[in-house]
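Q:
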Amino acid sequence: MSLVLDIAWTHVRSRARQTLVAVAGVATGVGFSIMMAALMEGSQDDFMRQLIDALPHIAISDERRQAPHQPAEEVYAATKIYGLTPEERRRGIKNPLAIMAAIESWVPGAIAPSVKTQAILRYAGRDVGASVLGIDPHREPKVSALPKQMRQGTLASLFRASNAIILGSRLAEKIGARVGASITVQTGEGVQISAQVVGLFHSGVRQVDEATAYVLVKTGQVLARQTGLVNELRLRVADAMAAREIAGRIERETGYKAVSWQEAHEDLLSAFTIRNVIMFTVVGAILLVASFGTYNIISTITHEKARDIAIMKSLGLPEATVRRIFVLEAVLIGLLGGLLGWMLGYLLCLGLGSVEIKSPFMDATRLPIAWSPLHYAIAAAVAVASSVAAGYFPARKAARVHPVEIIRGAT
Amino acid sequence: MSALIEARRVTRILPGVVPTTLVHDIDLAIGDNEFLAITGPSGSGKSSLLYLLGLLDLPTEGEVLVRGTATARMDEEERAFTRLSGLGFVFQFHFLLPEFTALENVMLPMRALGRLAEPAMRQRSRDLLASFGLEDHVDKRPDQLSGGQRQRVAVARALANEPPVILADEPTGSLDSKSSEQVFEILRDLVDARGKTVVAVTHDLELAARMDRRVQLVDGAIVADERNPVPAVGRS
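Line order of the protein sequences matches chains A and G.
Each number in the numbering used here corresponds to the 1-based position in the first sequence with 14 added.
Each number in the numbering used here corresponds to the 1-based position in the second sequence with 9 added.
#1: Quick one: which chain A residues come within Cβ less than 8 Å of R92(G)?
#2: What does R159(G) reach in chain A if we use C-beta pairs closer than 8 Å?
#3: L65(G) versus chain A: which residues are under 8 Å apart at the beta carbon?
#4: What alpha helix (DSSP H) runs, 4 residues minimum, are completely inside the segment 333-392 of chain A?
#5: Helix, strand or coil for S51(G)? Go by DSSP, reduced to three states.
#6: Check each candidate in F109(G), V99(G), L106(G) and L64(G) and name the one with the smallest Cα separation from E87(G).
#7: Just mark S245(G) as buried or exposed, buried being the case when its beta carbon has 16 or more other beta carbons within 10 Å.
#8: If we call anything under 8 Å between Cβ atoms a contact, is P173(G) one with D41(G)?
#9: Identify the contact partners of L106(G) in chain A, using a Cβ-Cβ distance below 7 Å as the criterion.
#10: Please report the straight-line C-alpha distance between V398(A) and T29(G), rounded to a whole angstrom.
#11: Using 8 Å as the threshold, is the C-beta distance between F141(G) and I175(G) below it?
#12: Using DSSP's beta-bridge definition, name the partner residues of V229(A).
#13: Between R120(G) and chain A, is the shortest Cβ-Cβ distance under 8 Å, so that the two count as touching?
#14: If you measure from the beta carbon of T425(A) to each beta carbon in chain G, is any gap under 8 Å?
#15: With distances taken from CA atoms, which of A38(A), L247(A), T99(A) and A92(A) is nearest P82(A)?
#16: For G359(A), which residues from the same chain have a beta carbon less than 8 Å from its beta carbon, with the 5 sequence-adjacent residues on both sides left out?
#17: Check F141(G) in the structure and name its three-state DSSP category.
#18: My parser needs the alpha helix (DSSP H) runs of 4 or more residues fully inside the segment 27-85 of chain A; what are they?
#19: Pick helix, strand or coil for I207(A), following the three-state DSSP scheme.
#20: Under a Cβ-count criterion, where at least 16 other Cβ atoms within 10 Å of its own Cβ denotes burial, should Y96(A) be classed as buried or exposed?
#21: Quick check on the DSSP output: what are the complete beta strand (DSSP E) runs of length 3 or more inside the segment 145-196 of chain A, in order along the chain?
#22: Please list, in chain order, all residues of the same chain as P161(A) whose beta carbon is under 6 Å from its beta carbon, the five residues on each side excluded.
#23: Within a Cβ cutoff of 7 Å, which residues of the same chain sit near G367(A), ignoring the five residues on either side of it in sequence?
#24: Here's the rule: buried if 16 or more other CB atoms are within 10 angstroms of the residue's CB, otherwise exposed. What is I292(A)?
#25: Answer yes or no: do V146(A) and L237(A) have a C-beta to C-beta separation smaller than 8 Å?
#26: Considering only their Cβ atoms, is the gap separating A46(G) from V99(G) smaller than 8 Å?
#27: Helix, strand or coil: which one does DSSP assign to R150(G)?
#28: Check for me: the beta strand (DSSP E) holding L13(G) runs from which residue to which?
#29: Counting contacts by CB-CB distance shorter than 8 Å, is L19(A) in contact with chain G?
#30: 8 Å is my cut-off, CB to CB: does S245(G) come that close to chain A?
#31: If you check the beta carbons only, do V208(G) and L62(G) fall under 8 Å apart?
#32: For S128(A), which beta-bridge partners are listed by DSSP?
#33: Tell me, please, whether the CB atom of L112(G) is closer than 8 Å to any CB atom in chain A?
#34: Do you know offhand how far I189(A)'s Cα is from R136(A)'s?
#35: By the 9 Å beta-carbon criterion, what residues does the segment 163-178 of chain G contribute toward chain A?
#36: Nearest-angstrom Cα distance between I421(A) and A324(A)?
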């Protein structure tokens, strides 16, 4: 009905200052809701990402969840065993290449082996303890962020020298070694080799950078005295959320303990649930507060128009028409405010996203901001809905009143 | 022939802690082409009666008939339609919509009724305003008009849908004497030249004396109903 639209538009347009205030009010609510949602979800995503990326999605280790079954237990229904001296097993995953091939055949993702040993690195008379990890430079890039963390050299540099080693940046600083330096590596197994530093990496996490070094799998096996064995297979799967199921299957098939990131971070994941509740509460509260602001402004405008409502009714405009006029005005203000709020929210997100935060333990980071159309849609929908409610209820009340009551009040 | 508007034993009591009787037991029939004044002291229920006759208010008891049709059991929608199509209102304060021009204000009832095409509405509104000497002010908003001009726009708006009757509540109450006279002449002319019925509430006895029929209210009851012995001249 063009009359309704015309009156609504004229009201909105000719009361410019009031409209502006109302639109600004709605826009502020929408904008800040978007900002808060983006910030909360961004931090949530960031937290999740760090959790997932910090460890491999699945780590298959040479441990077993239970002590191995004794033959007697398998033959008899009830057994009790005293004073058992279990067979001594060599640590390590046997036949890693075959296992990797078997897993690769059905898991969508990548897998890489590693051999882990503790060693003392010695250079220029300084001794520092560190974890030495034997890795495969071809497979490693697919499961870890190490290639991106290289400051000097590349993973392929490990092939350059016979005993090549990559050091953490702070570790190198500690012992004063540079690329090209020849350092001594000594393990608890009594092996001592001389290795050449071919690269430096910087992960940003102090603990890692201070006490980790990488060598080739082969070198690692020599250091750990376990030829042909690896300690750990690390998987990065295409769908991180499916890691738990995949880990379960690997464990059943290989017999080795396979730990998914969810299992490794179980405690943190429960904290994550709490964070989710907090996030939804905060964003919900902001939306609620914003919608009350919207409601306030628009219902005030409608109340101020009570006299016009009486005039229109006394002329014989149907109640429904009068009501529609004010609902439409509210929708117009809500939509305008929503659009402006989108812009405001976008700018606020841009602004917050450019804030840098420095911490002594991590590299400088920016505030994590999640860009989701859903935030914009929900914030605008809530604003428009509360505008409609704010227009509808006062207009209905005013339109129900017999015009004479308002006319009497005016005279 | 049924009266244009007829009140039968109409009583209106305002509910409240102390119920107030505005009018009681009013019997009044208003025919075609009358110029009727409702007079009485303040608080006598003049305006209340007018609102009841104009279906702006509902009687507590009794019945108001418009062209023989009972209105008490109508729903709000039907009453609104009756007002829109058959009754014109002029209030003491102009009650024009402040954001709209004179022309738009006059067009409003026509657009709500939707009987005419847009250009025809526009033309009719212009003609109405021009006939009241407002041809130069059609595109002005109420705040750019003088009190008398506003009241003339209000009369034009009341006439928009060609109702047979105009109900006016102190139409000259807030005007200076010159503007009062202008507006009164217009109302007079509506009766004489256009054959309308005008019911006007006024406390101005001098003005009432110049109308054709006077109904006097005291304490919510009619105490006198007199007509001029000589019918008005110059009727068309």
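Cβ atoms here follow ideal geometry from the backbone N, Cα and C, with glycine treated the same way.
A: Short version:
#1: S328, L329 and G330
#2: Simply none; closest approach about 13 Å.
#3: S328, H416, P417, V418 and I421
#4: 333-367
#5: coil
#6: L64(G)
#7: No answer about S245(G) holds up, because its pLDDT of 41 lies below 50 and its placement is not dependable.
#8: yes
#9: D322 and I325
#10: 44 Å
#11: no
#12: G148(A)
#13: yes
#14: Bear in mind that a pLDDT of 43 at T425(A), under 50, signals an unreliable position, so the number given afterwards is only what the model happens to contain. True, the Cβ-Cβ gap to chain G drops below 8 Å.
#15: T99(A)
#16: V44, G45, F46, S47, I48, M49, A52, H389, Y390 and A393
#17: coil
#18: 30-68
#19: strand
#20: exposed
#21: 164-166 and 178-182
#22: P155 and L169
#23: R380, L381 and I383
#24: exposed
#25: yes
#26: no
#27: coil
#28: No beta strand (DSSP E) contains L13(G), which DSSP labels as neither H nor E.
#29: no
#30: For S245(G), the pLDDT reaches just 41, beneath the cut-off of 50, and the residue's location in the model is therefore unreliable, leaving the point undetermined.
#31: yes
#32: I149(A) and E246(A)
#33: no
#34: 7 Å
#35: R166, A167, A169, N170 and D178
#36: 7 Å
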